[in-house]
Amino acid sequence: SRSIDLAVIPGDGIGREVVAQGLKVLSAVLPQDVKLQTQEYDLGAKRWHATGETLPDAELERLKGHDAILLGAIGDPSVPSGVLERGLLLKLRFAFDHYVNLRPSKLFPNTETPLAGRPEIDFVVVREGTEGPYTGNGGSLRTGTPAEVATEVSVNTAYGVERVVRYAYEQAKARPRKRLTLVHKNNVLVHAGHLWKNIFDRVGEEYPEVTTDYLHVDAATIFFVTRPERFDVIVTDNLFGDILTDLAAAVTGGIGLAASGNINPTGAFPSMFEPVHGSAPDIAGTGKADPTATILSVALMLRHLGLESEATRIEDAVSADLAERSAPRTTDEIGDALAARVAG
Ligand code: IPM
Ligand code: MN
Numbered sequence: 002s003r004s005i006d007l008a009v010i011p012g013d014g015i016g017r018e019v020v021a022q023g024l025k026v027l028s029a030v031l032p033q034d035v036k037l038q039t040q041e042y043d044l045g046a047k048r049w050h051a052t053g054e055t056l057p058d059a060e061l062e063r064l065k066g067h068d069a070i071l072l073g074a075i076g077d078p079s080v081p082s083g084v085l086e087r088g089l090l091l092k093l094r095f096a097f098d099h100y101v102n103l104r105p106s107k108l109f110p111n112t113e114t115p116l117a118g119r120p121e122i123d124f125v126v127v128r129e130g131t132e133g134p135y136t137g138n139g140g141s142l143r144t145g146t147p148a149e150v151a152t153e154v155s156v157n158t159a160y161g162v163e164r165v166v167r168y169a170y171e172q173a174k175a176r177p178r179k180r181l182t183l184v185h186k187n188n189v190l191v192h193a194g195h196l197w198k199n200i201f202d203r204v205g206e207e208y209p210e211v212t213t214d215y216l217h218v219d220a221a222t223i224f225f226v227t228r229p230e231r232f233d234v235i236v237t238d239n240l241f242g243d244i245l246t247d248l249a250a251a252v253t254g255g256i257g258l259a260a261s262g263n264i265n266p267t268g269a270f271p272s273m274f275e276p277v278h279g280s281a282p283d284i285a286g287t288g289k290a291d292p293t294a295t296i297l298s299v300a301l302m303l304r305h306l307g308l309e310s311e312a313t314r315i316e317d318a319v320s321a322d323l324a325e326r327s328a329p330r331t332t333d334e335i336g337d338a339l340a341a342r343v344a345g
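This is how it looks when you write it as structure tokens:
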């Protein structure tokens, strides 16, 4: 019989609350013959305050043995900016070679969008996850003086770009519209930009059925607001993908619905699924956090693990639930409602 050995990192703020609902829906959707085993990891602000550790190597080693990781949120105002982000979240993405950061955006029924005319939005951003300006390749000189100079070098390798571009073509090929847009800024970032564009064009020759185009990132932000329905699959670098997917969430019902998967498609390391949102310390403990983004991340995880029909069941349940959601509900109530739907 099948089994899932899942690592759970609740993390900080609302992380614990939303992860609890994700696990509730996961248990409800799994067929009897799939054994679920979870192990919780105590990582985040509390651990850092207590021990000074963010992600010890021994923990990383243990995490490696799981089939997948479910993560709530990382970050707390009591910890200097960057310590947990770099030392924990990005360390996991880099160590486990999560070169695909998959971020679907869909405008669900009965959700708010600031966009006029409620366009049909259903696209997926394939954000590169292990390179770009996120590698920590930079430094500062004469720090704190008026002559300070700081650099943050974007690292782009042919190997790294080709593998994520190829993944994006595969995604596009599998979707009905078969459209792929490369987003970069090759009129200014000419070195990285042309590396991306050249590889995008070359790999594209192997996918004649996929229609492609290219947008500068600034123009892409306009189209996200004026014509989001034009997008199907988007491939872009780590930082552009970070910014674009927050914008995508804002126009599709808010960050409370945005799911993501940090994926290592080779299976050499466990992939990690997390809501796009952060730890929201201002609403932690109030029951106001929407667990839907985490629950949709669980769906992405199930799809990655080959449980396609269970993934679809969760997504359909979210659709149906949102269509009927009117009065505000608590974190727990939303989790209960979705668990009931996927079970029934
Ligand atoms: C995200 C977050 C992270 C990122 C931060 C917390 C490091 O904004 O997952 O989008 O920039 O990737
Ligand atoms: Mn972000």
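To convert a position in the sequence shown, counted from 1, into full-length UniProt numbering, add 1.
We treat Cβ as the ideally placed atom computed from N, Cα and C, and that holds for glycine.
Please read these numbers as outputs of a predicted model, since none were measured by experiment.
Just to confirm the assignment, what range does the alpha helix (DSSP H) spanning residue i have?
i, result
"Ser261", "Careful: Ser261 lies outside any alpha helix (DSSP H), inside the beta strand (DSSP E) at Ala260 to Ile264."
"Ala59", "Asp58 to Leu64"
"Gly336", "Thr332 to Ala344"
"Asp219", "Val218 to Thr227"
"Asp283", "Per DSSP, Asp283 belongs to no alpha helix (DSSP H) and is neither H nor E."
"Ile315", "Glu309 to Glu325"
"Lys47", "Ala46 to Thr52"
"Thr293", "Thr293 to His305"
"Glu132", "That residue, Glu132, is in no alpha helix (DSSP H); it is neither H nor E in DSSP."
Over the uninterrupted beta strand (DSSP E) stretch that includes residue i, give me the two end residues.
i, result
"Glu86", "It is not in any beta strand (DSSP E) - Glu86 carries neither H nor E in the DSSP assignment."
"Arg3", "Arg3 to Gly12"
"Asp183", "The sequence as given places Leu at residue 183; Asp does not occur at that position. Taken as a continuous stretch (DSSP letters only), the beta strand (DSSP E) holding Leu183 covers Arg180 to His185."
"Ser141", "Gly139 to Leu142"
"residue 364", "Past the edges of the chain, shown from 2 to 345, lies residue 364, and the structure says nothing about it."
"Leu73", "As written in the sequence, residue 73 is Gly, which differs from the Leu given in the question. Segment Ala69 to Ala74, the beta strand (DSSP E) holding Gly73."
In whole angstroms, give me the CA-to-CA distance for residue i and residue j.
i, j, result
"Val127", "Pro292", "23 angstroms"
"Thr267", "Pro229", "31 angstroms"
"Pro105", "Ala259", "7 angstroms"
"Gly45", "Thr287", "20 angstroms"
"Ile284", "Arg164", "39 angstroms"
"Val166", "Asp317", "29 angstroms"
"His50", "Arg178", "49 angstroms"
In the structure shown, what three-state DSSP assignment does residue i receive?
i, result
"Asn239", "helix"
"Glu207", "coil"
"Phe270", "coil"
"Phe97", "coil"
"residue 1", "The requested residue 1 does not occur in the structure, where the chain is confined to residues 2 to 345."
"Pro276", "strand"
"Leu103", "strand"
"Arg176", "coil"
"Leu248", "helix"
"Arg119", "coil"
"Val20", "helix"
Under 8 angstroms by Cβ, that's how I've got residue i and residue j pegged, so tell me the actual separation to the nearest angstrom.
i, j, result
"Pro282", "Asp77", "6 angstroms"
"Ile10", "Gly73", "7 angstroms"
"Ala250", "Val226", "That pair is no contact at about 13 angstroms."
"Ser70", "Ala148", "Note on residue identity: the sequence assigns Ile, not Ser, to residue 70. Contact doesn't hold; Cβ gap of about 43 angstroms is too wide."
Residues near the ligand IPM, criterion Cβ-heavy atom distance below 5 angstroms | Every residue passing the under-5 angstroms Cβ criterion appears here: Glu86 and Asp243.
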